[in-house]
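Let me begin by presenting the structure, written as structure tokens, before commenting on it.
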Amino acid sequence: MPAHMFKPQRPLQRPSHHQSHQPSHQPSPHSSHRPTRIAAALSLLLGFAMTAPSVRAMSLEQALQAALRYDPAFQSATYEQAASSEARIIGRANLLPNVSANYSRNDVSADRITRTARGPVNDNPNYLSESASITLRQPLFNLEAYARYQQGNAQSNYGDAILAAKTQDLFVRLFGAYADALLASDQIRLAVAQRDALRENELTNQRMFERGAGTRTDVLETRARYELSEADLLEAANNLDIARRKLSSITGPVTTTLPRLTPEFKTLAITPEEFEPWEKIALDQNPTLLAQRHQVNYAELDLKRVQAGHYPKMDLVASYTDSKSDSLFTFNQESRSRSIGVQMAVPLYSGGSVDAGVRQAVASLERARADMSTKTEDVLQELRRQHRLFTSSRARIDALVSAERSSEEVVEATRKSIAAGARVNLDLLNAEKQLYTTRRDLAQARYGHLVAYLRLRQAAGLLTGEDVLALDGYFRGE
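Counting along the sequence shown from 1, when you hit position 119 you're at 128 in the numbering used here, and nothing is skipped either side.
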């Protein structure tokens with residue numbers, strides 16, 4: 010958007026309070042200071058908010074690609090998912106063979122007494138003892154290991170669901186910030202148009218006053234509205250700066266202009282229209298609910314893992330050992346041995362830790378189930394709210410479009426009535442104010458309609474990047 014559009018206009022000089030019929034051409038002592046401060050502030054804010062190189066506006070697709078690369082919350086979610094995906098491998102390892110190797114080498118010095126028929130014989134053998142072995146252990150019956158394996162799968166599935174939820178959240182946050190920035194730009198355009206229209210009215214009233222055809226009240230009323238419009242423009246510039254910074258926190262620095270909402274706006278449609286099918290879809294596909302189901306499953310498996318402490322464990326053990334002089338009795342002897350067999354460990358008493366662990370796991374499971382109920386209710390409430398917002402937004406947009414046309418007609422009719430002497434200047438100011446308020450509300454309703462559409466699909470668990478990109482057609486470059 011060209012920056013020169015936002016250069017504040019200096020209001021006309023105030024009429025002297027000492028002349029009732031002819032305007033004074035000398036401004037009051039304070040009349041030039043406040044507008045100058047407003048102009049300086051507007052120039053500074055609009056310069057920061059709107060400065061951008063003369064390049065193509067950032068499309069929604071470009072913003073989405075930038076967000077996927079930059080957004081810190083999404084990057085954190087991808088690393089969280091990568092970490093949780095390893096739980097599947099870690100859990101499976103509990104069921105696979107465990108192979109270990111050992112090697113020892115010792116320099117042995119001993120004092121040995123050998124009793125013979127002739128009496129004790131003392132000697133001091135010094136020798137090198139070496140031993141190498143390899144052992145394989147394969148679980149045959151281990152309920153705890155199997156529960157850990159299932160927990161690894163549940164944890165990995167949980168991470169996948171959380172990433173899906175975070176991805177959908179990124180889509181909604183991005184479009185919300187994108188729409189806020191565009192709406193803030195629209196607010197500036199409306200504020201500029203309102204200010205310029207008020208300036209034209211002020212010039213007209215000033216000329217009529219100078220010719221004696223107007224009143225001083227008309228000039229003062231219009232000037233007051235003009236100064237309020239500059240305050241509105243200042244607020245709009247602040248809002249634009251904040252909105253662009255919020256968008257930058259998701260996409261990285263925004264160094265280009267932003268597009269505008271196309272005037273050929275058509276409301277979206279959803280299939281089905283009724284709420285009940287959406288409720289069923291959300292219960293099946295909402296990633297937040299899927300993640301919580303995996304949490305409940307993990308807690309159930311944790312209970313099984315703890316209860317496994319009451320059951321025996323059985324392993325297949327195979328080993329191979331190669332030793333040389335491993336003791337005084339095998340001095341200067343080499344031996345090789347192979348063994349294979351089954352080992353069983355039966356728990357008898359563990360000090361009550363298993364029973365305590367079971368009670369702890371039961372409490373954790375009940376908490377997970379309670380959280381599941383809470384999140385289900387939250388998701389369904391949000392789904393219903395977004396369904397109502399989306400449905401009502403279409404009717405609201407239609408009503409505001411009609412209101413905009415009516416407001417335009419009211420402004421035109423009021424101008425003609427003033428010329429005929431049937432209306433006064435204040436009526437025109439109010440009509441113009443209503444027109445710009447309607448246009449502002451219409452812009453907000455259109456952006457809100459698109460946001461509600463995405464949030465509805467998010468609550469149902471259906472939102473994808475393609476849904477976001479499909480809205481790119483609603484925007485066009487400057």
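Positions of the beta carbon are idealized from the N, C-alpha and C atoms, including for glycine.
Query raised in the report: With 16 as the cutoff for other CB atoms within 10 Å, does Q147 come out buried or exposed?
Result: As a working mapping, residue 147 is identified with position 138 in the sequence shown. Flag for Q147 reads exposed.
Report task. In the DSSP assignment, find the unbroken beta strand (DSSP E) run with V355 in it and report its ends. Result -> Here residue 355 refers to the residue found at position 346 of the sequence shown. No beta strand (DSSP E) holds V355; DSSP gives it neither H nor E.
Report task. Note down, in chain order, each residue of its chain lying with its Cβ closer than 7 Å to the Cβ of E230, except the 5 sequence neighbours on either side. Result -> Within the sequence shown, the letter at position 221 stands for residue 230. Taken in chain order, the residues that qualify are N434, L435 and L438.
Query raised in the report: Is the number of C-beta pairs between the region 309 to 326 and the region 397 to 412 that are closer than 8 Å three or more?
Result: no
Report task. Would you identify the three-state DSSP class for L237, choosing helix, strand or coil? Result -> The residue you call residue 237 lines up with position 228 of the sequence shown. Three-state result, L237: helix.
Report task. Output the distance between the C-alpha atoms of S138 and N111, rounded to the nearest integer angstrom. Result -> Residue 138 sits at position 129 when you count from the first residue of the sequence shown. Residue 111 sits at position 102 when you count from the first residue of the sequence shown. About 14 Å.
Report task. Report the three-state DSSP secondary structure of A141 (helix, strand or coil). Result -> As a position in the sequence shown, residue 141 is number 132, starting the count at 1. Strand.
Query raised in the report: Residues in its own chain within less than 6 Å of S348 by CB, not counting five upstream and five downstream?
Result: The residue labelled residue 348 in the question sits at position 339 within the sequence shown. Closer than 6 Å at Cβ, skipping near neighbours: S328.
Query - Alpha-carbon to alpha-carbon, A429 and H30 - result: Sequence index remark: in the sequence shown, residue 30 carries index 21 (1-based). Sequence index remark: in the sequence shown, residue 429 carries index 420 (1-based). Low confidence applies to H30: its pLDDT is 38, below 50, so where it sits in the model is not reliable, and the reading given next is rough at best. Looking at the two C-alpha atoms, the distance is approximately 22 Å.
Query raised in the report: Which stretch, first to last residue, makes up the alpha helix (DSSP H) that contains A393?
Result: Taking the first residue of the sequence shown as position 1, residue 393 is located at position 384. Here the sequence assigns Arg to residue 393, which means Ala is not the residue at that position. Residues S362 to A428.
Query raised in the report: Is G350 helix, strand or coil by DSSP?
Result: Taking the first residue of the sequence shown as position 1, residue 350 is located at position 341. The answer is strand: DSSP assigns G350 an E or B state.
Query raised in the report: Among L179, Y158, G161 and A102, which residue has its Cα nearest to the Cα of R78?
Result: Along the sequence shown, read from residue 1 onward, the residue named residue 78 stands at position 69. Minimum Cα distance to R78 is reached at L179.
Query - Nearest-angstrom Cβ-Cβ length linking V228 and E211, presumed shorter than 8 Å - result: Within the sequence shown, numbered from 1, the residue matching residue 228 stands at position 219. Within the sequence shown, numbered from 1, the residue matching residue 211 stands at position 202. That pair is a contact at about 7 Å.
Requested in this report: Return the Cβ separation of L270 and R455 in integer angstroms, given the expectation that the two are a contact with Cβ distance under 8 Å.
Outcome: Translated into the one-based positions of the sequence shown, residue 270 becomes position 261. Translated into the one-based positions of the sequence shown, residue 455 becomes position 446. L270 to R455, Cβ: 6 Å. Contact.
Query - For P268 and R97, the rounded distance between their alpha carbons - result: Within the sequence shown, residue 97 is the residue found at index 88, counting from 1. Within the sequence shown, residue 268 is the residue found at index 259, counting from 1. Near 45 Å, if we compare the C-alpha coordinates of P268 and R97.
Query raised in the report: Can you tell which of T266, Q369 and D380 has its C-alpha closest to the C-alpha of H303?
Result: Against the sequence shown, residue 303 aligns to sequence position 294. Measuring from the Cα of H303, the nearest candidate turns out to be D380.
Query raised in the report: Helix, strand or coil: how does DSSP classify D436 here?
Result: Position 427 of the sequence shown, counting from 1, holds the residue named residue 436. Looking at D436 - three-state DSSP - the assignment turns out to be helix.
Query raised in the report: DSSP beta-bridge partners for P129?
Result: By 1-based counting over the sequence shown, the position of residue 129 is 120. BP columns for P129 point to R124.
**Report entry** Reference K255, options R220, E282 and L191, closest by Cα
**Finding:** By one-based count along the sequence shown, residue 255 stands at place 246. Selected option, being the one with the closest Cα: L191.
**Report entry** Span of the alpha helix (DSSP H), counted from its first residue to its last, around T297
**Finding:** In the sequence shown, residue 297 corresponds to position 288, counting from 1. Run containing T297: P296 to Q316, per the alpha helix (DSSP H) assignment.
Query raised in the report: Which value, in whole angstroms, describes the spacing of the CA atoms of A469 and L292?
Result: As a working note, residue 469 is residue 460 in the sequence shown. As a working note, residue 292 is residue 283 in the sequence shown. Approximately 8 Å, taken between the alpha carbons.
Requested in this report: Report the option in S109, R403 and N151 whose CA atom is closest to the CA atom of T144.
Outcome: What you label residue 144 is simply residue 135 of the sequence shown in a count that begins at 1. Here the closest residue by C-alpha is S109.
Query - Span separating the alpha-carbon of A240 from that of T383 - result: Within the sequence shown, numbered from 1, the residue matching residue 240 stands at position 231. Within the sequence shown, numbered from 1, the residue matching residue 383 stands at position 374. Straight-line Cα distance between these residues: approximately 45 Å.
Query raised in the report: Exposed or buried, what is L104 when buried is set at 16 or more other beta-carbons lying within 10 Å of its beta-carbon?
Result: Here the question's residue 104 lines up with position 95 in the sequence shown. So L104 counts as exposed.
Query raised in the report: Where does T280 land, buried or exposed, given buried means 16+ other C-beta within 10 angstroms?
Result: Locating residue 280 in the sequence shown gives position 271, counting from the first residue. Exposed, because fewer than 16 other Cβ atoms sit within 10 Å of the Cβ of T280.
Query raised in the report: Measuring CA to CA, which of Q90, N306 and T224 is closest to R376?
Result: As a working mapping, residue 376 is identified with position 367 in the sequence shown. Here the closest residue by C-alpha is N306.
Query raised in the report: Hey, is the region 283 to 301 in contact with the region 387 to 405, meaning 3+ C-beta pairs nearer than 8 Å?
Result: yes
Query raised in the report: What's the C-alpha gap between R403 and R368?
Result: Counting from 1 along the sequence shown, the entry for residue 403 is found at position 394. Counting from 1 along the sequence shown, the entry for residue 368 is found at position 359. Distance between the alpha carbons of R403 and R368: 53 Å.
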